[in-house]
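Novice: When the letters of the sequence shown are read in order and numbered with this note's numbering, they come out as residues 847 to 1257. Glycine residues also receive a C-beta, built at the ideal position from the N, C-alpha and C atoms.
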Amino acid sequence: MAIREGKWRCPYSSGVNRGAHLACGGCGATRDKEVTFFLEDDAPEVTDEALLARARAGADWLCNYCGAANPPDRSQCRNCGGERGAAPSRPVVEEGAGMRSERSEDPLARLPEGEARSNPAPLVIEPGDASGAAPGIRGATLARRVVYAGLALVSLRSTSRPPRPPARSAGMNPAPLIIEPGGASGAPPGPPARSAGMNPAPLAAVTRRFRPVVTTVLLLLVAFVAAAAYFGLRRSEETLTVAGFEWERKVAVEAWRTVRERAWEGSVPSQARVVSRRQEVHHTERDQVGTRRVKAGTRDLGNGFFEDVYRDEPFYRERPVHRTRVTYDIQRWVPDRTVQASGQDHAARWPDPALRAGEREVSRSEKLVVVLNGKRTYRMELPEAHWAALQPGQPVNAVMRGGWSVLELKQ
Ligand SMILES: [Zn+2]
Ligand SMILES: [Zn+2]
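1) What are the start and end residues of the alpha helix (DSSP H) that includes glutamate 880?
2) How should glycine 852 be labelled, buried or exposed, when 16 other C-beta atoms within 10 angstroms of its C-beta is the threshold for buried?
3) Does DSSP put tryptophan 1258 in a helix, a strand or coil?
4) Compute the distance between the beta-carbons of alanine 1101 and tryptophan 1179, then report whether it is under 9 Å.
5) Alpha carbon to alpha carbon, how far is leucine 1065 from valine 1059? Give it in angstroms, no decimals.
6) With H, G and I counted as helix, E and B as strand and the rest as coil, what does DSSP make of glutamate 1111?
7) Alanine 866 and leucine 897 - do their beta-carbons sit closer together than 9 Å?
8) For alanine 1072, count neighbouring Cβ atoms within 10 angstroms of its own Cβ and tell me buried if that reaches 16, exposed if not.
9) To the nearest angstrom, report how far apart methionine 1246 and glutamine 1177 are at their CA atoms.
10) Among all residues, which have a Cβ less than 6 Å from at least one non-hydrogen atom of ligand 1, and in what chain order do they fall?
11) For tyrosine 1076, name the three-state secondary structure that DSSP assigns.
12) Between which two residues does the alpha helix (DSSP H) holding alanine 896 run?
13) Is it the case that the CB of glycine 931 approaches a heavy atom of ligand 2 more closely than 8 Å?
14) Taking 8 Å as the limit between beta carbons, can you name the residues of its chain near glutamate 891, skipping five residues before and five after?
15) Mind listing, in chain order, the residues whose beta carbon lies closer than 5 Å to a non-hydrogen atom of ligand 2?
16) Nearest to glutamate 1159 by alpha carbon, out of Val1105, Val1140, Leu1067?
17) Hey, could you find the ends of the beta strand (DSSP E) valine 1127 is sitting in?
18) Among Glu1111, Arg1165, Leu1067, Arg1108, whose alpha-carbon lies nearest the alpha-carbon of glutamine 1134?
19) Does the beta-carbon of cysteine 870 have 16 or more other beta-carbons within 10 angstroms, so that it is buried, or is it exposed?
20) When DSSP builds the beta bridges, which residues end up paired with alanine 915?
21) Between glutamate 1126 and the rest of its own chain, which residues show a CB-CB distance below 6 Å, the 5 nearest in sequence each way excluded?
22) Please state the DSSP three-state secondary structure of arginine 1055.
23) DSSP three-state call for leucine 1049: helix, strand or coil?
24) What are the residues that DSSP puts in a beta bridge with aspartate 1158?
25) Report back the beta-carbon spacing between threonine 1144 and glycine 942 to the nearest angstrom; my notes put them in contact at under 8 Å.
26) On the DSSP letters alone, give me the boundaries of the beta strand (DSSP E) that glycine 942 sits inside.
27) Report buried or exposed for serine 1211, applying the criterion of at least 16 other Cβ atoms within 10 angstroms of its Cβ.
28) How is leucine 868 classed by DSSP in three states: helix, strand or coil?
29) Spell out the partners DSSP gives methionine 847 in its beta bridges.
30) Taking its Cβ as the centre, do 16 or more other Cβ atoms sit within 10 Å of lysine 1213, making it buried, or is it exposed?
31) Taking the continuous beta strand (DSSP E) assigned at valine 1252, which residues delimit it?
32) Could you say which of Gly861, Glu1207, Pro917 lies nearest to glycine 1148 if we only look at CA atoms?
33) Here's a check: name, in chain order, each residue in its chain whose Cβ is nearer than 7 Å to the Cβ of glutamate 1227, leaving out the five neighbours to either side.
34) Which residue wins for smallest C-alpha separation from alanine 1142, given the options Glu1153, Ser1251, Trp1110?
Spelled out as structure tokens, the structure:
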């Protein structure tokens, strides 16, 4: 469990200080409850025994009188001398991929033995805070920052839109904002407010100017589509004359042949003649061969130090499972050839497949077309009974679609 030293940013001078330091090196301000810690990615592991002892001693307690942070072994405030009494401690917070749990609701629950703090009382919330249920110092500070951000948004938006009630943004869940540990400065976050409040006036003007053009284009488009649909799909009736016939008929033939196939032992057909057998990978199975420690995140110890948090993950290995693969010969009906006949007369006939030994006919198909004369020449496929009943030169009433195809012939 590697321990690493964090940093904190002074809320008064913005100076960045070592986690071990209890006062700002820049302005001398004492580390107080406004301070939150952050861990830099490349922070080295702490090896010094004295620092390790401090890191493991527990979180700072926060003076009820002046707000100063004190090491857990002190019983009086190092800043004002006030008694520790029921002063709250900083929450110990875990952060990392997929794990984010504030410990303040039950600070003793996951602490290692011997590290249990004598005083797990919830933190005092400053009067004037909008959120009455802030989970701790960090939460309280954040809630205040959210109010700032909300107010900034409202003031920017009020030029063009009716302002939203600030109470709404203040009451929103502040949790998603706990992202960057470096943002400990007291200034309200700027960039989100700026982007949300981007001046909408020019955009509105452009929209207003082009609205008539856009509307006209849309109307023309709708009119065009409607006209195309009407002329393309409208039905009409027309008397056509039977001008000719076309036909095409096919017979598919299969042959009884020896084919080579492969199958797993156990699903080889009984009539098969086995050619060869060999072992092949049938599938793979996953065996757990142990566990692997992976770093899951860090724990803010509340005293300037951070502890790496690990998780045991199961570690698997793929194992191939072999079975017997059989190659065999077997007799099967297989597609062989198709015979075809066609003509441009009214005497459709089936082609003779001239079956030889070890062959069979499997399917027949046909396409029968009548040629019709009207304003144009049309071709239409018909079922055999209807096709055969028509006579050359015969007039037929047809339902046309769009004037370019025959939808149906009336009997
Ligand atoms: Zn400072
Ligand atoms: Zn104090």
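Specialist: If we stick to the structure as given:
1) From DSSP, glutamate 880 is part of no alpha helix (DSSP H); its letter is neither H nor E.
2) buried
3) For the chain, the structure presents residues 847 to 1257; residue 1258 sits outside this window and is missing.
4) yes
5) The alpha-carbon atoms of valine 1059 and leucine 1065 are separated by roughly 10 Å.
6) Three-state DSSP puts glutamate 1111 in coil, outside helix and strand.
7) yes
8) Residue environment analysis places alanine 1072 among the exposed positions, since fewer than 16 neighbouring C-beta atoms fall within 10 angstroms of its C-beta.
9) 53 Å
10) A distance filter of 6 Å between CB atoms and the heavy atoms of ligand 1 selects the following residues in sequence order: Cys856, Tyr858, Ser859, Gly861, Cys870, Gly872, Cys873, Ala875.
11) Three-state DSSP puts tyrosine 1076 in a helix.
12) Where alanine 896 is concerned, the enclosing alpha helix (DSSP H) stretches over 895-902.
13) In this structure, glycine 931 has its CB at a distance of at least 8 Å from all heavy atoms of ligand 2.
14) Excluding sequence neighbours, glutamate 891 sits near Ala848, Ile849, Arg850.
15) Cys909, Tyr911, Cys912, Ala914, Cys923, Asn925, Cys926, Gly928
16) That would be Val1140, whose Cα lies nearest to the Cα of glutamate 1159.
17) 1119-1146
18) Arg1165
19) Buried, by the Cβ-count rule.
20) Leu908
21) Counting only Cβ-Cβ distances below 6 Å, and skipping sequence neighbours, we find Arg1171.
22) helix
23) The three-state reading of DSSP puts leucine 1049 in helix, counting H, G and I together.
24) Arg1139
25) At roughly 6 Å, the Cβ-Cβ gap stays under 8 Å, so threonine 1144 and glycine 942 are in contact.
26) Unbroken beta strand (DSSP E) run through glycine 942: 939-942.
27) exposed
28) coil
29) Bridge partners of methionine 847: none, in fact.
30) By the 10 Å Cβ count, lysine 1213 comes out exposed.
31) 1251-1255
32) Pro917
33) Lys1213, Leu1214, Val1215
34) Glu1153
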